[in-house]
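Asker: Take a look at the following structure, please.
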Amino acid sequence: MRPLIRSACRLRARVRAMATLPAAAAFSPSSSAAARPPRLTLALFFLPSAPAPAALGARALRTSASAAAAAAVDVGGVKIAREDVVREEDPTNNVPDTIYSKIGLQLHRRDNHPLGILKNTIYDYFDKNFSGQFNKFDDLCPLVSVKQNFDDVLVPADHISRSYNDTYYVDAQTVLRCHTSAHQAELLRDGHTHFLVTGDVYRRDSIDSTHYPVFHQMEGFRVFSPDDWSGSGMDGTAYAAADLKKTLEGLARHLFGAVEMRWVDTYFPFTNPSFELEIYFQDDWLEVLGCGVTEQEILKSNGRTDHVAWAFGLGLERLAMVLFDIPDIRLFWSNDQRFTSQFSEGKLGVKFKPFSKFPPCYKDMSFWINEEFTENNLCEVVRGIAGDLVEEVKLIDNFTNKKGLTSHCYRIAYRSMERSLTDEEINDMQWNVREEVKNKLKVELR
Ligand code: DAH
């Protein structure tokens with residue numbers, strides 16, 4: 000019924016399933032509708048922002064890693080060096096160089112970048128409607144504690160999103176934030192009552208045109224005191240929910256114009272009730288954001304007993320892909336002028352014009368999996384070799400033989416926008432992928 004939003008359907012299925020499972024909560028950052036861009040099925044083309052290590056071979060890969068070691072990046076005054084984040088020998092660390100290389104780029108702080116343009120347009124809406132009451136944060140450090148990322152927002156201890164398969168761990172206590180909700184508690188404790196937090200977030204995931212292991216979110220938060228709702232005839236929760244819906248409907252109109260909208264009940268650990276906002280746009284229902292009335296426990300633990308609050312979280316890529324017609328999430332990382340020159344400050348919704356077409360090249364690989372095998376681990380290996388030249392990794396065959404061994408066949412799509420990839424280069428890449436998959440994932444190639 001809604002082919003555009005495969006991830007949404009998946010999420011719904013998972014939410015429904017999880018609601019019946021005592022062990023796991025429904026919040027799953029790895030597939031949250033609020034956060035993830037829609038899975039578009041458009042054909043697309045892209046230009047990698049940096050040469051893919053694959054083209055250079057394994058030796059070059061090591062060299063580029065040590066080059067990265069030389070320079071530390073600065074995020075909001077915090078210096079982050081490679082060795083602070085990538086620790087190959089440490090079993091509690093699963094951050095690869097491809098991820099380290101994205102820290103500090105802060106696409107959302109570039110005023111001529113689609114993500115920066117979108118962020119600024121949302122800022123305008125809040126400035127106009129709340130006369131500057133919302134404090135804005137867009138360079139909070141993406142390295143946060145497990146406590147900030149999960150405990151402070153009540154993500155259950157056994158929740159799947161805490162796994163090494165879903166989240167990048169620097170060590171057992173430190174992660175690359177997987178959502179901007181990680182900053183709610185500290186900002187509340189600092190006394191803020193109205194705030195917007197924009198930042199890069201990190202999740203291990205599969206590979207396709209709408210999934211990239213680094214993307215951007217904006218979190219909104221507003222606290223009410225009893226004086227705010229006492230004359231309204233409503234209780235605090237109802238008052239906050241009504242204000243939340245009015246505020247976010249206004250935001251959706253500000254971004255998309257006069258669109259049809261609907262509210263869908265959902266579940267997040269940090270809000271109750273929780274909702275998703277959907278709009279009818281370009282012939283489909285599109286999930287715009289997740290939100291809700293903040294759990295009392297979060298307010299109480301952070302100095303706001305007797306208050307209520309609302310919160311929302313939205314994925315910037317998800318919205319920007321639709322607003323600017325950007326067909327592949329990798330394009331956001333492109334430094335090619337033919338991409339960057341198409342966007343300018345203050346111009347939301349200028350439609351992106353693809354600048355060249357090169358065909359994808361498909362390579363299949365089959366192997367017997369083992370118990371530890373996960374698709375996220377496979378995708379990490381492929382990205383480590385092919386960088387942004389990998390467009391999609393898709394399971395195309397899956398069977399278990401009489402001995403109980405399970406075989407998977409994955410189809411890898413390689414594509415560059417800049418140029419045609421040569422057969423030789425693709426074969427090299429695929430050969431390297433096969434070697435690494437065999438050695439790192441300990442699977443048996445077929
Ligand atoms: N943190 C959620 C995610 O990453 C998004 C979200 C949903 C944020 C509801 C919120 C909220 O603040 O109230 O999927």
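Going letter by letter, the sequence shown gives residues 0 to 445 in numbering that gives the first Met the number 0.
Glycine residues also receive a C-beta, built at the ideal position from the N, C-alpha and C atoms.
Is any non-hydrogen atom of the ligand DAH found closer than 8 Å to the C-beta of E218, if you look at the structure I gave you?
Answerer: E218 Cβ: within cutoff of the ligand DAH.
Asker: Given 8 Å as the limit, tell me if G403 has its C-beta closer than that to any heavy atom belonging to the ligand DAH.
Answerer: It does not: the Cβ of G403 is nowhere closer than 8 Å to a heavy atom of the ligand DAH.
Asker: Identify which residue in E435, S231, G198 has its Cα closest to the Cα of K101.
Answerer: Checking every option, the nearest Cα to that of K101 belongs to G198.
Asker: Is S273 near the ligand DAH, with its Cβ less than 8 Å from a heavy atom?
Answerer: True, at least one ligand heavy atom lies under 8 Å from that Cβ.
Asker: Have a look at the DSSP bridge pairing and note the partners of L388.
Answerer: None, per the DSSP bridge assignment.
Asker: Any heavy atom of the ligand DAH closer than 8 Å to the Cβ of V145?
Answerer: Checking every heavy atom of the ligand DAH against the Cβ of V145, none is found closer than 8 Å.
Asker: Please confirm whether F136 and L186 have their CB atoms less than 9 Å apart.
Answerer: Yes; because the gap between Cβ atoms is below 9 Å, this pair is in contact.
Asker: Kindly list the residues whose CB is nearer than 6 Å to the CB of H210, restricted to its own chain and excluding five residues on each side of it in sequence; keep chain order.
Answerer: D204, listed in sequence order.
Asker: So, with DSSP's three-state summary, where would you put M217?
Answerer: Reduced to three states, the DSSP call for M217 is strand.
Asker: Within a Cβ cutoff of 6 Å, which residues of the same chain sit near L288, ignoring the five residues on either side of it in sequence?
Answerer: The residues are A33, L276, F311, L313.
Asker: Rounded to a whole number of angstroms, what is the C-alpha to C-alpha distance between M428 and E434?
Answerer: Approximately 10 Å, taken between the alpha carbons.
Asker: Tell me the DSSP bridge mates of N397?
Answerer: Paired residue(s): H407.
Asker: Tell me the residue span of the alpha helix (DSSP H) that contains H253.
Answerer: That run of the alpha helix (DSSP H) goes 235-255.
Asker: Return yes when at least one heavy atom of the ligand DAH lies under 8 Å from the C-beta of A184, else no.
Answerer: No.
Asker: Taking DSSP as the reference, what is the three-state secondary structure of C378?
Answerer: In this structure, C378 counts as helix in the three-state DSSP scheme.
Asker: Using C-beta distances below 7 Å, list every residue in its chain close to L139, excluding the 5 sequence neighbours before and after it, in chain order.
Answerer: G75, H182, V196, G198, listed in sequence order.
Asker: Should L394 be labelled buried (16 or more other beta-carbon atoms within 10 Å of its own) or exposed?
Answerer: It counts as exposed.
Asker: Answer yes or no: do T246 and Q216 have a C-beta to C-beta separation smaller than 9 Å?
Answerer: It is not a contact, given that the beta carbons lie outside the stated cut-off.
Asker: Could you check which residue in I384, C408, S419 has the C-alpha nearest to that of E443?
Answerer: Per the Cα distances, C408.
Asker: Spell out a yes or no on whether the stretch 113-123 and the stretch 342-349 are touching, meaning 3 or more CB-CB pairs, one atom from each, closer than 8 Å.
Answerer: Cβ pair count under 8 Å is three or more, so yes.
Asker: Would you say the beta carbon of G312 is closer than 8 Å to some non-hydrogen atom of the ligand DAH?
Answerer: G312: yes, Cβ under 8 Å from the ligand DAH.
Asker: Which residue marks the beginning of the alpha helix (DSSP H) containing T293, and which one marks its end?
Answerer: Counting along the chain, T293 falls outside any alpha helix (DSSP H), though it belongs to the beta strand (DSSP E) covering 283-293.
Asker: When we look at the beta-carbon of F129 and count the other beta-carbons within 10 Å, is it buried (16 or more) or exposed?
Answerer: Label assigned to F129: exposed.
Asker: So, helix, strand or coil for S365, using DSSP?
Answerer: Strand at S365.
Asker: Looking only at its chain, what residues have a beta carbon closer than 7 Å to the beta carbon of R445, apart from the 5 residues adjacent to it on each side?
Answerer: Counting only Cβ-Cβ distances below 7 Å, and skipping sequence neighbours, we find S365, F366, W367, S406.
Asker: Entirely within the stretch 322-370 and at least 4 residues each: give me those alpha helix (DSSP H) ranges in chain order.
Answerer: Fully enclosed alpha helix (DSSP H) runs of 4 or longer: 336-339.
Asker: With D123 as the anchor, note down where its alpha helix (DSSP H) starts and where it stops.
Answerer: Run containing D123: 113-128, per the alpha helix (DSSP H) assignment.
Asker: Can you grab the Cα-Cα spacing for the pair G230 / Y238, in whole Å?
Answerer: Looking at the two C-alpha atoms, the distance is approximately 10 Å.
Asker: Please tell me whether, using a cut-off of 8 Å, the distance from the CB of V200 to the nearest non-hydrogen atom of the ligand DAH is below it.
Answerer: Within the cutoff, so yes.
Asker: According to the Cβ coordinates, are N92 and N376 closer than 9 Å?
Answerer: Going by C-beta atoms, N92 is not nearer than 9 Å to N376.
Asker: Under the criterion of a Cβ to heavy atom distance below 8 Å, does F267 qualify as lining the ligand DAH?
Answerer: Under cutoff, so the answer is yes.
Asker: Would the C-beta of H158 count as close to the ligand DAH, meaning under 8 Å from any of its heavy atoms?
Answerer: No; taking the cut-off as 8 Å, the Cβ of H158 has no heavy atom of the ligand DAH nearer than that.
Asker: Buried or exposed for N438, going by 16 or more other Cβ atoms inside 10 Å?
Answerer: Per the 10 Å Cβ criterion, exposed.
Asker: Once the 5 residues before and after D89 are set aside, which same chain residues still bring their CB inside 8 Å of it?
Answerer: So the qualifying residues of the chain are D170.
Asker: Assign L3 to buried or exposed, taking buried as 16 or more other Cβ atoms, counted over all protein chains shown, within 10 Å of its Cβ.
Answerer: Note that L3 scores 21 on pLDDT, short of 50, meaning its location in the model is unreliable and no value can be drawn from it.
Asker: Measure how close the beta-carbons of I79 and Y167 come, nearest whole angstrom, since I'm counting them as under 8 Å.
Answerer: Actually they are not in contact, since the Cβ atoms of I79 and Y167 sit about 13 Å apart, beyond 8 Å.
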